Amino acid sequence: MKVKQISIFLENKSGRLAQVTKVMGENDINIRALSIADTTDFGILRLIVNDPDRAYRVLKEAGFTASATEVIAVEVTDEPGGLAEVLKLLERFNINIEYLYAFVKKASNAALVVFRVEQLDKAVKVLLENNIRILGENEVYSL
Numbered sequence: 000m001k002v003k004q005i006s007i008f009l010e011n012k013s014g015r016l017a018q019v020t021k022v023m024g025e026n027d028i029n030i031r032a033l034s035i036a037d038t039t040d041f042g043i044l045r046l047i048v049n050d051p052d053r054a055y056r057v058l059k060e061a062g063f064t065a066s067a068t069e070v071i072a073v074e075v076t077d078e079p080g081g082l083a084e085v086l087k088l089l090e091r092f093n094i095n096i097e098y099l100y101a102f103v104k105k106a107s108n109a110a111l112v113v114f115r116v117e118q119l120d121k122a123v124k125v126l127l128e129n130n131i132r133i134l135g136e137n138e139v140y141s142l
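Numbered by numbering that gives the first Met the number 0, the letters in the sequence shown go through residues 0 to 142 in order.
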């Protein structure tokens, strides 16, 4: 139920993001979702890709500072209040969200929200027990 996310530390200067995407493309790695958070000097690029182990390896070989992190990919109804339902559930069980990002799935009435939480196993258990769909690695990587 957990998904590997690749995080890349990037200096905040022109062309760094382009270099990452070039490395991904040259190695036939497809980016499924991404998020970038920046400060004045640097950014953290978070990627969900079709082959995270290979992505991590080729990024390191290309000289990028990268890490792999486990996250969960939760299906949320793509309607007003859909995300609020999941967030209220996590709050009720005191599960802190470190960050999240989302995208809408093709030909679906659902959004996919990627969560990084402090208590990953507890979050998975709570969500599944409350009939919230969590996508597995293969399903996410093949989106």
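The beta carbon of each residue, even a glycine, is placed where N, CA and C say it ideally should be. As the structure is a computational prediction, the values presented were derived from the model and not from experiment.
- Message: Ignoring anything shorter than 4 residues, give me the alpha helix (DSSP H) runs that lie fully in the region 41 to 127, in order along the chain.
- Response: 51 to 60, 81 to 91
- Message: Excluding the 5 residues flanking Val112 on each side, which residues of the same chain have their C-beta closer than 6 Å to its C-beta?
- Response: Val73, Val75, Leu99, Ala101
- Message: Using only CA atoms, which one of Thr38, Gln18, Thr39, Arg45 lies nearest to Arg31?
- Response: Arg45
- Shortest alpha-carbon distance to Glu136 belongs to which of Ala83, Ile71, Ala109, Thr39? Ile71
- Message: Report the CB separation of Ile5 from Val57 in whole angstroms; it is logged as a contact under 8 Å.
- Response: No, Ile5 and Val57 are not in contact; Cβ-Cβ is about 10 Å, not under 8 Å.
- Query: In or out: Leu134 buried (at least 16 other Cβ within 10 Å) or exposed?
  - Reply: buried
- Query: Going by the beta-carbon positions, is the gap between Ala65 and Ile7 smaller than 7 Å?
  - Reply: yes
- Query: Between which two residues does the beta strand (DSSP E) harbouring Leu16 extend?
  - Reply: Premise fails: Leu16 lies in the alpha helix (DSSP H), 15 to 25, not in any beta strand (DSSP E).
- Please look up how many angstroms separate the CB atoms of Glu69 and Lys3, rounded, as I've assumed it's under 8 Å. 6 Å
- Alpha-carbon spacing of Gly81 relative to Leu126, whole angstroms: 14 Å
- Message: Please return the same chain residues whose Cβ sits closer than 7 Å to the Cβ of Glu97, not counting the five positions on each side in sequence.
- Response: Arg115, Val116, Glu117
- For Ala110, which residues of its own chain have a beta-carbon under 6 Å away from its beta-carbon, when the five flanking residues on both sides are left out? Val75, Asp77, Ala101, Val103
- Query: Is it true that the CB of Val123 sits closer than 7 Å to the CB of Met0?
  - Reply: yes
- Message: Just to confirm the assignment, what range does the beta strand (DSSP E) spanning Ser34 have?
- Response: 30 to 37
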